[in-house]
Amino acid sequence: MTPFVVLTVISGLVLVALAVAIRELPPARRIRDGVVGVVFLASAAGIGFGGFHPSGFFWPVLVLPIYLVVDSVRYIDLDDVSEESTPAHRRPRPAPEPAAPRRSAGSRERRAARAAERREALRVKHGEAR
Numbered sequence: 003m004t005p006f007v008v009l010t011v012i013s014g015l016v017l018v019a020l021a022v023a024i025r026e027l028p029p030a031r032r033i034r035d036g037v038v039g040v041v042f043l044a045s046a047a048g049i050g051f052g053g054f055h056p057s058g059f060f061w062p063v064l065v066l067p068i069y070l071v072v073d074s075v076r077y078i079d080l081d082d083v084s085e086e087s088t089p090a091h092r093r094p095r096p097a098p099e100p101a102a103p104r105r106s107a108g109s110r111e112r113r114a115a116r117a118a119e120r121r122e123a124l125r126v127k128h129g130e131a132r
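Just so you know, we're using the numbering used here here: the sequence shown kicks off at 3 and counts up by one.
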């Protein structure tokens with residue numbers, strides 16, 4: 003298969019899928035996207051199996067589907083998307099609970115006392131005694 007046939011098949015499939023999937027589209031646009039998608043699929047079949055080789059109209063295969071996809075996606079209403087239908091990796095994470103202290107009160111006091119002793123020793127060593 004040539005790249006032209008592959009692009010035509012992909013364009014047709016995407017347009018038909020969008021016509022079926024996007025419920026917010028007006029009926030006329032859904033019909034238009036579906037018909038254009040079927041025409042693209044039919045032309046791909048004609049090129050691939052019938053030996054018909056188009057000359058001079060490669061640009062619609064690239065430009066028309068991009069325009070129609072962008073035009074269709076503009077109609078999606080994101081306010082209708084609920085929290086349950088949002089994928090888990092896109093949901094905001096809840097704030098973590100504050101962790102309980104890992105040390106006991108006595109252990110924290112002993113560590114604080116040792117740190118104070120070290121600071122005092124450094125002050126004495128450097129001549130900053132109180």
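All C-beta atoms, glycine included, are put in the ideal place defined by N, C-alpha and C.
For Arg121, count neighbouring Cβ atoms within 10 angstroms of its own Cβ and tell me buried if that reaches 16, exposed if not.
Working through the sequence shown from its first residue, we reach residue 121 at position 119. That one is exposed.
Just verifying my parser: in three-state terms, what is the DSSP assignment at Leu27?
The count along the sequence shown starts at 1 and reaches residue 27 at position 25. In the structure shown, Leu27 sits in coil (DSSP, three-state: anything other than H, G, I, E or B).
Please say whether Gly39 and Leu15 have beta carbons closer to each other than 9 Å?
The sequence position of residue 15 within the sequence shown is 13, counting from 1. The sequence position of residue 39 within the sequence shown is 37, counting from 1. Going by C-beta atoms, Leu15 is nearer than 9 Å to Gly39.
At the level of alpha carbons, what is the spacing between Ala23 and Arg32?
By 1-based counting over the sequence shown, the position of residue 23 is 21. By 1-based counting over the sequence shown, the position of residue 32 is 30. Cα-Cα distance, rounded: 9 Å.
Here's a check: name, in chain order, each residue in its chain whose Cβ is nearer than 6 Å to the Cβ of Leu20, leaving out the five neighbours to either side.
Numbered from 1 along the sequence shown, position 18 holds the residue referred to as residue 20. Around Leu20: Asp35 and Ser74.
Presumed contact (8 Å Cβ cut-off) between Leu27 and Pro67, rounded CB distance:
Looking up residue 27 in the sequence shown gives position 25. Looking up residue 67 in the sequence shown gives position 65. Pro67 and Leu27 do not touch by the CB rule: their CB atoms are close to 15 Å apart, not below 8 Å.
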